[in-house]
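The structure under discussion appears below in the form of structure tokens.
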Amino acid sequence: MPEVMIPFNRAALEGRELAYMAEAVAGGHISGDGPFSRRCHEFLERELGVRKAFLTTSCTHALEMSALLLNIQPGDEVIVPSFTFVSTANAFALHQARPVFVDIRPDTLNMDETRLEDCISPRTKAIVPVHYAGVGCEMDVILEIAGRHRVAVVEDNAHGLFGKYKGRPLGTFGCLATLSFHETKNITCGEGGALLINDPQYIERAEIIREKGTNRSQLFRGEVNKYTWMDIGSSYLPTDLLAGFLYAQLEVCDRIQQSRRRIWEHYYGQLHTWAGEHNVRLPVIPDSCEHPSHLFYLIMPTHADRQAMIAHLRSHGIYAVFHYLPLHLSEMGRKAAGKTTSCPVSEAISSRLIRLPLFTTLRREEQEKIIETVMQFY
Ligand SMILES: Cc1ncc(COP(=O)(O)O)c(C=O)c1O
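This is the structure:
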């Protein structure tokens, strides 16, 4: 057993999480949309400049709400990158929509906007760019193509809270956007997410869909004297206990972001020369993007080297992981797409990418150990 054990991620309290959860209990409101949910909504609306923010139980659920809001029907097509988490496509496949998988750019690992036009058909209902690692997709091009074809854009911004493209926050470009507060994300409450709405036409219905298809929110605001079933929906709102946890993290987001940036930059600075000498690729950040230091990855020269690097780190007690398995090759991805798709860049990257531990309580000596062990590999 190695002496040092460094996990891939370590949950941590960053501020007043426990105090706010206790406050929610003491205040007698632990179901959804209590005082802490309101504070989170106001924070996101103010800091990002979105028209409306709704906390959800996950980013997956925010994506599912997007599919409902866009009235996705069987046979509709939704363009998604193959190199992403299952939920990006599954939210739409739930409605028997067909995912059209687009390959990624080899530099940022984001949706390759130059291939987008070829994926559009008269059945295309939405484009779902994923800002991988919180590095913005080429939104100018994506929005131009979407606008010309009258197709909705839903940003899957699970990674990119506080990231910017050309100075503008990620999550403000699509008519809808989603966030994740899963435990591995920069700002977390264990499991959680948010739906961000930039096009006001979706606000009223989103509120109903999120409350089991009812207008209960209107009742709570005193706008109606009873609430009833208005539309389809589900239960997408998190308990105020989690909203309290989340708000405590949002309150200290500058410190969290700074500490992650220090770790990310230290990895980059220390590994840059070694990577160049050994044909290992580090993240590429275009000048147009400010990223939130969400994840740090290496792209190894071969799949065999990636596997060997993971084993090498593991043998020194360091837990590094890989993701994503390309969706176009998955069992469900093939079935839902109804055809074989070619995404060679996604396949090559997926087999060679490795993510290093990155969390605020990673101590400097732990990071030095990781860097040293990585560099021992070649
Ligand atoms: C790009 C992307 N979209 C969506 C999700 C789903 O997020 P959640 O776990 O909050 O549902 C993830 C999860 O990591 C993700 O990486």
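Quick note on numbering: the sequence shown equals residues 19 to 396 in the numbering used here. Glycine is no exception: its CB is placed at the ideal position from the N, C-alpha and C atoms.
Report buried or exposed for residue i, applying the criterion of at least 16 other Cβ atoms within 10 angstroms of its Cβ.
{"i": "Leu260", "result": "buried"}
{"i": "Trp282", "result": "buried"}
{"i": "Ile250", "result": "exposed"}
{"i": "Lys353", "result": "exposed"}
{"i": "Val242", "result": "exposed"}
{"i": "Met2", "result": "The structure shown does not extend to residue 2, since the chain is modelled only from 19 to 396, so the question has no answer here."}
{"i": "His346", "result": "buried"}
{"i": "Val118", "result": "buried"}
{"i": "Ala40", "result": "exposed"}
{"i": "Thr291", "result": "exposed"}
{"i": "Ser49", "result": "exposed"}
{"i": "Gly152", "result": "buried"}
{"i": "Gly52", "result": "buried"}
{"i": "Met23", "result": "exposed"}
{"i": "Ser333", "result": "exposed"}
{"i": "Asp158", "result": "exposed"}
{"i": "Thr379", "result": "exposed"}
{"i": "Gly185", "result": "exposed"}
{"i": "Ile227", "result": "buried"}
{"i": "Ile160", "result": "buried"}
{"i": "Arg370", "result": "buried"}
{"i": "Lys244", "result": "exposed"}
{"i": "Leu31", "result": "exposed"}
Given the structure, does residue i come close to ligand 1, in the sense that its CB is under 7 Å from one of the ligand's heavy atoms?
{"i": "Phe340", "result": "no"}
{"i": "Ala212", "result": "no"}
{"i": "Ala111", "result": "no"}
{"i": "Cys77", "result": "yes"}
{"i": "Val159", "result": "no"}
{"i": "Val270", "result": "no"}
{"i": "Ala176", "result": "yes"}
{"i": "Thr246", "result": "no"}
{"i": "Val148", "result": "yes"}
{"i": "Phe103", "result": "yes"}
{"i": "His334", "result": "no"}
{"i": "Thr257", "result": "no"}
{"i": "Thr206", "result": "no"}
{"i": "His200", "result": "yes"}
{"i": "Thr378", "result": "no"}
{"i": "Thr106", "result": "yes"}
Considering just the uninterrupted stretch of the beta strand (DSSP E) at residue i, what are its terminal residues?
{"i": "Ser198", "result": "194-198"}
{"i": "Glu95", "result": "95-99"}
{"i": "Pro117", "result": "116-120"}
{"i": "Leu46", "result": "Note that residue 46 corresponds to Gly in the displayed sequence, not to Leu. Here Gly46 belongs to no beta strand (DSSP E), and DSSP marks it neither H nor E."}
{"i": "Ile215", "result": "211-215"}
{"i": "Ala71", "result": "70-74"}
{"i": "Leu313", "result": "Taken as a continuous stretch (DSSP letters only), Leu313 belongs to no beta strand (DSSP E), as it is neither H nor E."}
The alpha helix (DSSP H) that contains residue i, what's its start and end?
{"i": "Leu81", "result": "77-87"}
{"i": "Ala109", "result": "104-111"}
{"i": "Ala322", "result": "321-333"}
{"i": "Phe61", "result": "53-66"}
I want to see whether chain B comes within less than 8 Å of residue i, judged by CB atoms only; does it?
{"i": "Asp51", "result": "The chain labelled as chain B is not found in the depicted structure, where only one protein chain is given."}
Checklist entry - Which full runs of the alpha helix (DSSP H) of 4+ residues lie inside the segment 130-183, going along the chain? => result 134-137, 157-167
Checklist entry - Enumerated in chain order, which unbroken segments of the beta strand (DSSP E) with a length of 3 residues or greater are wholly contained in the segment 249-281? => result none
Checklist entry - Can you list the alpha helix (DSSP H) stretches of 4 or more residues lying completely in the segment 339-396, in chain order? => result 349-355, 362-370, 382-394
Item to check | Complete alpha helix (DSSP H) runs within the segment 221-251 (minimum length 4 residues, chain order) | outcome: 221-228, 234-238
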